[in-house]
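**Q** Each residue of the sequence shown is one higher than the one before, starting from 1 at the first, in full-length UniProt numbering. The beta-carbon is built from N, C-alpha and C at its ideal position, and this holds for glycine as well. Take a look at this one; I'll ask things after.
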Amino acid sequence: MSSPTRITHFVAGAPWSGTAERTSAVFNPATGVQTGELDLASAEVVNEVVATARTAWEGWGNLSLARRSQVLFKFRELLDRDKERIAALITAEHGKVLSDALGEVLRGMEVAEFACGIPHLLKGGHTENASTSVDVYSLRQSLGVVAVISPFNFPAMVPLWFVPVALATGNAVVVKPSEKDPSATLAIAELWTEAGLPDGVLNVVNGDKEAVDALLTHEDVKAISFVGSTPIARYVYETGTRHGKRVQALGGAKNHMLVLPDADLDLAADAAVNAGFGSAGERCMAISALVAVDSIADELVAKIAERVATLKTGDGTRSCDMGPIVTAQSRDRIVGFIDEGEAAGATLVCDGRRGEYDADGGPQGEQGFFVAPTLFDHVTSDMSIYTEEIFGPVLSVLRVEGYDEGLALINANPYGNGTAIFTNDGGAARRFQHEVEVGMVGVNVPVPVPVAYYSFGGWKNSLFGDTHAHGTEGVHFYTRGKVVTQRWLDPSHGGLNLGFPQND
Ligand code: NAD
């Protein structure tokens with residue numbers, strides 16, 4: 001067995017050359033083997049990286065939009081060239097199946113494509129003769145150094161939600177990826193350098209709480225984009241704003257799919273399985289609570305169980321439907337929730353605790369961190385499998401009398417990331433999209449992740465701050481507005497007048 005590869009920071013266009021005081025292990029979750037030893041940044045290292053970024057920003061922020069967008073176009077080309085290589089890095093450290101990993105890179109690439117249009121997105125307003133011979137116009141300018149702190153579950157896509165827009169708007173960036181699967185983020189950082197981004201404009205520091213805290217409190221870090229679990233999102237929001245930064249902190253989720261009696265139950269069952277078990281349920285937009293109207297619940301649960309029985313769980317490189325869980329700790333946590341659900345009296349229709357993996361999953365599958373798809377029926381809103389974000393392949397079915405009870409259940413939940421309704425009744429769907437207190441809504445679409453030119457973000461405990469990711473909200477987040485009021489003086493403008501300026 002080969003020894004773990006050293007994984008380090010990416011600073012000023014090159015791997016960091018220092019020696020880390022602390023490191024952590026990176027695993028291939030399909031085999032359970034440690035493949036990497038990751039350098040964890042101390043506060044001092046973070047300070048050095050921020051200083052590098054601060055210096056690089058002075059040149060980059062003043063570069064013409066034409067030159068900046070050329071780098072973005074080139075980056076997009078290189079990402080397209082290397083998408084399969086990056087997908088393989090994701091699968092090797094996260095575990096999700098290769099096709100899913102590729103999908104994540106492509107969704108991230110959409111944001112780079114959006115950011116290529118930055119000259120248009122940064123156009124300000126201009127009003128001629130707002131007052132006699134006075135013109136008014138607006139500008140948006142970069143902030144300086146901004147930080148992106150990302151979760152393990154989308155090591156390529158989540159940094160790509162932010163980095164292209166932050167760079168396009170003229171900022172320098174420090175990314176702190178998850179310590180569980182940093183390699184895809186690092187490989188993408190190298191592509192920026194290859195695309196012609198000046199050294200130091202984009203840097204990656206690896207680390208844990210120490211590195212995050214150093215970013216949250218550093219006076220030269222002007223904005224924080226965070227994605228992760230709700231307790232950490234709240235902490236990041238409170239700490240960052242207390243230190244004078246603008247912060248968008250996207251948190252956890254409990255996404256509900258409401259199925260009305262007039263829905264096509266085969267399509268709804270397909271959607272529930274895809275959205276519940278894709279990426280082993282480790283998606284912030286995964287459906288984890290299926291809300292079924294009682295009259296069709298038995299039939300729907302039977303159809304879902306039928307489909308679950310056909311799923312292959314195994315090594316994500318070996319043509320399986322679902323890969324392993326990211327770490328042994330996460331697997332044990334998920335199994336603990338299944339135990340609790342059973343003890344609380346929910347009906348365990350499909351039990352994934354066997355950790356079963358298909359023969360195609362490979363000879364080392366037994367050593368990996370596997371939980372197979374798990375389906376619970378007759379779940380109630382007081383059970384921990386409903387109240388907690390499990391973040392694994394566990395789908396809970398809750399039964400309701402009808403639309404109103406289903407809506408009330410969803411709106412009472414503290415999370416509000418994504419939700420979906422399955423129905424053929426346009427009026428019910430229209431009511432739902434208006435009444436539901438959730439930031440991203442699907443009508444017969446189970447995972448309603450917005451395209452890049454809209455913005456991504458939830459409500460309630462799923463997002464702290466008021467700005468969503470990418471789209472025009474992203475451009476707004478990474479820039480400061482300035483309004484110029486201008487006139488060119490002539491003799492008629494003379495004279496003293498200490499009153500408040502009035503328009504005429
Ligand atoms: P996490 O909160 O454990 O970690 C996220 C980031 O915060 C990582 O970079 C991590 O190193 C850092 N971190 C962890 N503990 C910290 C601490 N005590 N202090 C400071 N920083 C800390 O989340 P995760 O397990 O990597 O990711 C899964 C979570 O992310 C789920 O809750 C999921 O719903 C959420 N998520 C949300 C969205 C969204 O758009 N709302 C998208 C993806 C993931």
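Please list, in chain order, all residues of the same chain as Ser131 whose beta carbon is under 7 Å from its beta carbon, the five residues on each side excluded.
**A** Asn503 and Asp504
**Q** How big is the Cα-Cα spacing for Tyr237 and Ser229?
**A** 12 Å
**Q** Assign Arg81 to buried or exposed, taking buried as 16 or more other Cβ atoms, counted over all protein chains shown, within 10 Å of its Cβ.
**A** exposed
**Q** Return yes when at least one heavy atom of the ligand NAD lies under 7 Å from the C-beta of Gly276, else no.
**A** no
**Q** Hey, quick one: how far does the beta strand (DSSP E) through Phe137 stretch, first residue to last?
**A** A quick correction: the sequence has Tyr, not Phe, at residue 137. Unbroken beta strand (DSSP E) run through Tyr137: Val134 to Ser142.
**Q** Please state whether the Cβ-Cβ distance between residue 511 and Val174 is less than 8 Å.
**A** This structure leaves residue 511 out entirely; the chain is present only between 1 and 504.
**Q** Is it true that the CB of Asn417 sits closer than 8 Å to the CB of Gly439?
**A** yes
**Q** Looking only at C-alpha atoms, which of Ile390, Tyr386, Glu389 and Val436 sits nearest to Asp404?
**A** Val436
**Q** Would you say the beta carbon of Lys209 is closer than 7 Å to some non-hydrogen atom of the ligand NAD?
**A** yes
**Q** Given a threshold of 16 other Cβ atoms within 10 Å of its Cβ, counted over all protein chains shown, does His493 qualify as buried or as exposed?
**A** The residue is exposed, with fewer than 16 neighbouring Cβ atoms inside 10 Å.
**Q** If we require 4 or more residues per run, which alpha helix (DSSP H) segments fall completely within the segment 392-435?
**A** Those alpha helix (DSSP H) runs which fall completely within the segment 392-435 and span 4+ residues are 403-412 and 426-435.
**Q** My parser needs the beta strand (DSSP E) runs of 3 or more residues fully inside the segment 271-351; what are they?
**A** 287-293 and 347-350
**Q** May I ask you to check if the CB of Phe10 is nearer than 7 Å to at least one heavy atom of the ligand NAD?
**A** no
**Q** Does Thr19 pass the burial test, meaning 16 or more other C-beta atoms within 10 Å, or should it be called exposed?
**A** Burial call: exposed.
**Q** Does any heavy atom of the ligand NAD sit closer than 7 Å to the C-beta of Pro151?
**A** Answer for Pro151: yes, Cβ within range of the ligand NAD.
**Q** The ligand NAD and Glu219: does the residue's C-beta get closer than 7 Å to at least one heavy atom of that ligand?
**A** No, Cβ of Glu219 sits at least 7 Å from all heavy atoms of the ligand NAD.
**Q** Looking only at its chain, what residues have a beta carbon closer than 8 Å to the beta carbon of Gly278, apart from the 5 residues adjacent to it on each side?
**A** Asp100, Ala286, Met322 and Val447
**Q** From the DSSP output, which residues share a beta bridge with Thr5?
**A** Partner(s): Gly36.
**Q** Looking only at C-alpha atoms, which of Ser2, Gly13, Ser462 and Phe500 sits nearest to Gly200?
**A** Closest by alpha carbon: Gly13.
**Q** Drop a sphere of 10 angstroms on the beta-carbon of His434, count the other beta-carbons inside from all chains shown, and report buried for 16 or more, exposed for fewer.
**A** exposed
**Q** Can you check which of these residues, Asn497, Leu496 and Arg487, is closest to Asn129 by C-alpha distance?
**A** Arg487
**Q** Under 6 Å Cβ to Cβ from Ser183, same chain only, skipping five residues before and after it: list those, please.
**A** Leu89 and Glu93
**Q** Taking only three categories from DSSP, how would you classify Phe75?
**A** helix
**Q** Touching or not, the segment 131-141 and the segment 449-456, by the rule of three or more beta carbon pairs under 8 Å?
**A** no
**Q** Return yes when the C-beta of Phe464 is under 7 Å from any heavy atom of the ligand NAD, and no when it is not.
**A** no
**Q** Determine the contact status of Phe75 and Leu191, defining contact as a CB-CB distance below 8 Å.
**A** yes
**Q** Where DSSP assigns a beta bridge to Thr479, which residues make up the other side?
**A** Ser142
**Q** Nearest-angstrom Cα distance between Val26 and Thr327?
**A** C-alpha separation (whole angstroms): 9 Å.
**Q** At a cut-off of 7 Å, would you count Phe154 as near the ligand FMN, judging by its Cβ distance to the nearest heavy atom?
**A** You won't find the ligand FMN in this model; what it holds is the ligand NAD.
**Q** Is there contact here, the segment 160-170 with the segment 141-151, by at least three beta-carbon pairs under 8 Å?
**A** yes
**Q** With the cut-off set at 8 Å, would you say Gly276 and Tyr415 are in Cβ contact?
**A** no
**Q** Less than 7 Å separating the Cβ of Ser42 from some heavy atom of the ligand NAD?
**A** Not so, every heavy atom of the ligand NAD lies at least 7 Å from the Cβ.
**Q** Specify the secondary structure class of Leu65 as computed by DSSP and reduced to three states.
**A** Per DSSP, reduced to three states, the secondary structure at Leu65 is helical.
**Q** Jot down the residue ranges of each uninterrupted beta strand (DSSP E) in the segment 83-165, minimum 3 residues, whole runs only, in chain order.
**A** 126-131, 134-142 and 145-149, all fully within the segment 83-165.
**Q** Grab me the residues of His243's own chain with a C-beta within less than 7 Å of its C-beta, minus the 5 sequence neighbours each way, in chain order.
**A** Leu216 and Thr217
**Q** How would you call Ala292, buried or exposed, if buried means at least 16 neighbouring beta carbons within 10 angstroms?
**A** Counting Cβ neighbours within 10 Å, Ala292 comes out buried, since at least 16 surround it.
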